[in-house]
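To start, the structure itself, in C-alpha cells.
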Amino acid sequence: MVKKGRILSGMRPTGRLHIGHLSVLENWASLQDSYQCFFFVADLHALTTSFDETENIRENIRQMLADWLAAGIDPEKSVIFLQSKIPHHAELHLLFSMITPLSWLERVPTYKDIVLQHRERGKDVTTYGFLGYPLLQAADILMYRANAVPVGEDQLPHLELCREVGRRFNHIYGHVFPDPQALLARVPLLPGVDGRKMSKSYANVIELAATAKELQTGVNSMVTDPARIRKTDPGHPEVCVVHKYHGIYRADELSGLEAECKAGGIGCVACKRMLTGTMEEFMAPIREKRESIINNRSYIDDILEAGTKRATEEARRTMDMVWPKVFKG
Ligand code: TRP
Ligand code: SF4
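So for the sequence shown, the working numbering puts the first residue at 367; every next one is plus one.
Encoded structure:
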C-alpha cells in the first residue's frame with residue numbers, strides 16, 4: 367500500500383499510562399496502515415525537569431512501552447525508538463539553538479505556567495535546557511522530515527514553533543525540512559475518578575495495567591451525584607463521573623441509563639457494577655497482552671534496538687543533508 371506520508375510522535379517516559387492515554391494510543395495505532403510511522407520515547411525531554419531524579423527513567427520507559435505495545439502499536443508496522451540513543455537529536459538541537467531567537471522560546475504560552483507549577487513544588491526549572499524543550503521537540507520532528515504530527519491541543523504551540531524554526535533554517539541555509547502539519551485527534555476527555563482532570567499527580571487515575579480488582583476499586587471510587595441518598599431519588603447524571611464513562615464505554619445504552627438514573631430507577635451501586643463489567647471486557651485483552659510483554663524483558667529491548675537502528679539511518683540521512691548546508695564549500 368502506498369503510504370500517505372510520514373508521521374512522528376513521542377511521549378515522555380512517565381511510567382505506566384492511564385486509560386485516558388488509551389485514545390491517544392488508539393489514534394496512533396490507527397495511523398499505522400496509512401502512514402509510515404515513527405514513535406519514540408522522549409527520554410531526553412524527561413531530563414528537562416527530572417535532571418536530578420533519573421533513577422526511575424529506565425523502568426518508566428519499559429512500563430510505558432509495554433502499554434504502547436499492548437494498545438496496538440505494532441513494531442512490524444512502526445519504527446519504535448529511544449531518543450537518547452540517537453545523538454543526532456542533540457546535534458540538530460544545537461544547530462537550531464544557534465538560529466532561534468530567545469524571545470521565540472520565552473513566548474511559548476505554556477513556558478511560564480510550567481515554570482510556576484514546578485516552583486510551587488519547590489523545583490526551579492528555569493534552566494537553559496527547559497527553555498529549549500520545544501526546540502528539542504522541533505529537532506525530533508524535523509529530523510525525520512515528518513509530514514504530520516499527531517498531538518493533543520496542548521502541543522500546538524510547540525508544533526508552531528517547530529514549523530517556524532524549520533522555515534528559518536530553510537531560509538538561512540537552503541531547503542531541507544518539509545513543513546509538518548498537526549494531526550489533531552478527537553480525543554474524548556476522560557475525567558479522573560474524582561471528576562478532576564485525570565492525572566497521576568492527583569492520584570485519581572485508572573492505569574491501563576490495572577488488575578480486575580483495581581479496576582473495580584477505581585470505578586467504585588468514582589464520584590456520583592451527591593444529591594442522591596436513596597436509590598429511588600431522581601439522579602443528575604450530568605454531574606456524575608460514572609455517567610461520563612458510560613458515554614464512552616457504553617455509548618449505545620447511554621440514553622437508557624440516563625433515563626433510569628433521572629427516574630430513580632437504578633441505584634449507583636448497580637450502575638457502577640455495569641460500568642465495571644463493560645470496562646473489564648474491554649481491558650482484559652489489553653491487560654493480558656501487557657502481562658506477556660512486561661514479563662519478557664528481551665522482547666522490549668529487541669524492539670527498541672531494531673527501531674533505534676532504523677531511526678538512526680533516517681537521522682543520519684537528514685544530518686548528511688544538514689551539515690553541508692551549514693558549512694558550505
Ligand atoms: N512534548 C511532548 C509531550 O509532552 C512529547 C514530545 C517530545 C513530542 N518530542 C515530540 C511529541 C515530538 C510529538 C513530536 O507530550
Ligand atoms: Fe451516576 Fe449511575 Fe448513580 Fe446516576 S445511577 S448518579 S449515572 S452512578
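Glycine included, every Cβ here is placed at the ideal spot set by N, Cα and C. Note that the coordinates shown come from a computational prediction; the quantities given were computed from them, not determined experimentally.
Judged by beta-carbon spacing, Ala514 lies beyond the 8 Å limit of Leu458, meaning their Cβ atoms are not closer than that value. Here the alpha carbons of Gly386 and Leu556 stand approximately 6 Å from one another.
Minimum Cα-Cα distance from Ala593 among the listed residues Asn586, Gly601 and Ser587 corresponds to Gly601. The bridge partners DSSP lists for His384 are Glu573.
The three-state secondary structure of Ala672, taken from DSSP, is helix.
One alpha carbon belongs to Val407, the other to Lys451, and they sit about 10 Å apart. Restricting attention to Thr577, Val688, Lys694 and Phe693, the CA atom closest to the CA of His455 is found in Val688. In terms of Cβ geometry, Val585 and Lys638 form a close pair [threshold 8 Å].
8 Å or more divides the Cβ of Gln398 from the Cβ of Lys370.
Within the region 630-665, complete alpha helix (DSSP H) segments of at least 4 residues are found at 634-660, given in chain order. Counting along the chain, Leu468 sits inside the alpha helix (DSSP H) bounded by residues Leu468 to Glu472. The shortest CA-to-CA distance from Pro475 to any of Pro690, His524, Asp490 and Ile446 is the one to His524. Taking 7 Å as the cut-off, one finds at least one heavy atom of the ligand SF4 near enough to the beta carbon of Arg594. Distance from the C-beta of Gly622 to the nearest heavy atom of the ligand SF4 is not below 7 Å. In this model, Phe417 and Glu624 are separated by some 48 Å (Cα to Cα). Burial check for Asn661: the Cβ neighbour count within 10 Å stays below 16, so the residue is exposed.
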